[in-house]
Amino acid sequence: MTVQTWTYLLVGITFTLYIGIAIWSRAGSTKDFYVAGGGVSPLANGMATAADWMSAASFISMAGIISFAGYDGSVYLMGWTGGYVLLALLLAPYLRKFGKFTVPDFIGDRYYSKTARIVAVICALIVSFTYVAGQMRGVGVVFSRFLEVDINTGVIIGMVIVLFYAVLGGMKGITYTQVAQFCVLIFAFMVPAIFISIQMTGNPIPQLGMGSKLSDGSGMYLLDKLNGLSTELGFAAYTEGKKSTIDIFMITLALMVGTAGLPHVIVRFFTVKRVKDARKSAGLALLLIAILYTAAPAVAVFARTNMFKTVSNQEYAKMPEWFKNWKTTGLLNFNDKNGDGIIQYVADQTQNELIVDPDIMVLANPEIADLPAWVIALVAAGGLAAALSTAAGLLLVISASVSHDLIKKIFVPNISEKGELWAARGAATVAVVIAGYFGINPPGFVAAVVALAFGLAAASFFPAIILGIFYKKMNKEGAIAGMIIGISLMLFYMLKFKFGIFDGGKEAVPTLEKDWWFGISPEGFGSVAMFVNFIVSIIIMKFTPEPPKNVQQIVENIRIPSGAGEATNH
Amino acid sequence: MSKKQEHATAYWKENIRYLFILLAIWFAVSYGAGILFKDSLNQIKIGGFELGFWFAQQGSIYVFVILIFVYVRLMNKLDKKYGFNE
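Residue numbers (the UniProt record's numbering), protein chains in the order written: chain A, 1 to 570; chain B, 1 to 86.
Take a look at the structure:
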């Protein structure tokens, strides 16, 4: 069977599975819709959280980015896993004990203020929308390459599937489809990784293969070989990287704190029964995520080495089939500058003739390594599972923010249970359509903003939640000022240094690099904005009245795990 | 102060102590071994891995997983000790 037949088969089977699960787990109440009824087991929640978290970026882009960035890519590996330690130790158990439906719910009640709630809703919407647009694009890319449909048709197919199970099943439908999607995506990521590890090093465990000797009889360690190949062609040594230490530090911190502050991850912990289940499922989620996150750097090393060997100084005419396939998608480009018919792939931009988009490293990896057709098709199904599961989780946050936090809590407080459920479904539908629009017409800034969504979450939610739990005397004035100043500062830095808005637009961006404050890139600036948020909150608090007694009572109460009950609609 | 309140205060104190210890390890493996002291650790090689690089791309993640499960165990015990388990 051809790759395409296999792909239709595997994608067809997995999609049927997702839809079947959605029909079986329809939401009957708002509680089903927002928190899956509140009785999800820790293991199921761990799997769902892992799928929720691992997006098209983790599955498709991350290993590719690392393979080009080498050591510098570590910021994603540490940043996107270390955040779970913060989540498990500092947030999940207490938010679960608090027992509401959404993150703005917590902010609004803890800071006894509608303003705080609205600020939180706006932050949640900004973060989630930027994120979901990237997912839809990922769906489109996979469809266009593997099923040879138009990228827009791909996005629309993805929209219909997500719409179906998110609108019908809400959190309940999403949870159980995410469990299935986790299985699909982890299998799809690990099978090629194991195959290639055996091929290159003889070790079936990619995490170990990465540090093993090559099996080509040279007796060289793979990483030494790769360092040699990289420096020979003028690139930085793979295990060294070239970013400054302070920037690596700050980006890692922003990604960790941002992870812990992302609403679509936090809400997953509202779905379990008890506080101890929330702790345990955070551990299980990270364990399952770590399978992919420790294999990804190995895949990066394999792919980078293979690519050097396959293309560097080879004749263009003799390139294998995949090279031409990817060239037609525009993600790979060859320009024979000196006209010798040979591919010069070097760091020096004036002589370099090959441009490779990092996104294709994972998708093309099985083809580069000449793996069987079904493995290549599996990767397509896995990429779709990763993108769809994250998109669904984000859409739920958007719909709950609108139907619960805005409509029920602010504009129409006496809306009926049934009305709220329909409002939630309506909001989810509108959100899918908007996300799909951005998937089809991606504004140039989507990719840039997805990375910055973490900075925005770090600068706004994280301090407000932490102070709300660990600092009883924190009041609404402090928290609101902190959130507004934190997110504004982050937005300002982003607009100035990422988009060059104040200096004449995009072209000015590279020249602005020397003006970065303390040498920190926009990606790492979320850490600074987070510290500013903390400091502003505490200073303002000192000069304003302390929170009412009953709020201080709530804080004391969430610190004790017993009596969590189920998430309630008040 | 009632018995329950005393328990709650003591429980919270011990919890904070655990958090400090666990987060110190969290910081040490990632920001310490993986970033700040990476260059000196890279002098040590284990198999094909330079140690600082290994912490940044593998080791810190393994430690993170272990940290959460240690926390789960410690807290389950603490819940029982003060009668907050369910």
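Beta carbons are placed, not taken as given, at the ideal position from N, Cα and C, and that holds for glycine.
Nothing here was measured: the structure is a model prediction, and the numbers come from that model.
Residue i (DSSP reduced to helix, strand or coil)
i, result
"A/F101", "coil"
"residue 575 of chain A", "With chain A running from 1 to 570 in the structure shown, residue 575 of chain A is simply not present."
"B/K77", "helix"
"A/V412", "coil"
"A/E315", "strand"
"A/V149", "coil"
"A/N306", "helix"
"A/G439", "helix"
"A/S67", "helix"
"A/L233", "coil"
"B/S60", "helix"
"A/R137", "helix"
"A/A529", "helix"
"A/G283", "helix"
"A/S460", "helix"
Identity of the residues DSSP links to residue i by a beta bridge
i, result
"residue 572 of chain A", "An answer regarding residue 572 of chain A cannot be provided, because it is not within the stretch 1 to 570 covered by chain A."
"A/E556", "Note: A/E556 sits in no beta bridge, so no partner."
"B/K45", "B/E50"
"B/N85", "Partner(s): none; B/N85 has no beta bridge."
"B/E6", "B/E6 pairs with nothing; no bridge assigned."
"A/I355", "A/N333"
"A/I342", "A/E315"
"A/V272", "A/V40"
Counted within 10 angstroms of its Cβ, other Cβ atoms place residue i as buried (16 or more) or exposed
i, result
"A/G138", "buried"
"B/Q5", "exposed"
"A/A529", "buried"
"B/I21", "exposed"
"A/F525", "buried"
"A/S416", "exposed"
"B/D79", "buried"
"A/F189", "buried"
"A/T130", "buried"
"A/D336", "exposed"
"B/E50", "buried"
"A/L125", "buried"
"A/M250", "buried"
"A/K225", "buried"
"B/S2", "exposed"
"A/W517", "exposed"
"A/K97", "buried"
"A/R110", "buried"
"A/V402", "buried"
"A/H570", "Confidence is the limiting factor: at A/H570 the pLDDT is only 47, short of 50, which leaves the residue's position unreliable and the question unanswerable from this model."
Chain B contact for residue i (CB, 9 Å cutoff)
i, result
"A/A282", "yes"
"A/I560", "yes"
"A/D405", "no"
"A/R279", "yes"
"A/D224", "yes"
"A/A290", "yes"
"A/Q207", "yes"
"A/F249", "yes"
"A/S488", "no"
"A/N569", "Reliability fails at A/N569, whose pLDDT of 48 lies under 50, so the model's placement of it is uncertain and the value that follows must be treated cautiously. Not an interface residue."
"A/P104", "no"
"residue 591 of chain A", "Only positions 1 to 570 of chain A appear in the structure, and residue 591 of chain A is not among them; the question remains open."
"A/G563", "yes"
"A/G468", "no"
"A/V85", "yes"
"A/M171", "no"
"A/I66", "yes"
"A/K549", "no"
"A/S212", "yes"
Cutoff 9 Å: residue i Cβ touching any chain A Cβ
i, result
"B/K3", "no"
"B/Q58", "yes"
"B/A8", "yes"
"B/E50", "yes"
"B/S40", "no"
"B/E86", "yes"
"B/I44", "no"
(message) To test your reading of the DSSP string, which unbroken alpha helix (DSSP H) runs of 4 or more residues are found completely within the segment 484-515 of chain A?
(response) If we require 4 residues or more, the alpha helix (DSSP H) runs fully inside the segment 484-515 of chain A come out as 509-512.
(request) Please specify which runs of the alpha helix (DSSP H), each continuous and at least 4 residues long, are wholly inside the segment 357-394 of chain A, giving them in chain order. (result) Qualifying alpha helix (DSSP H) stretches, in chain order: 360-368.
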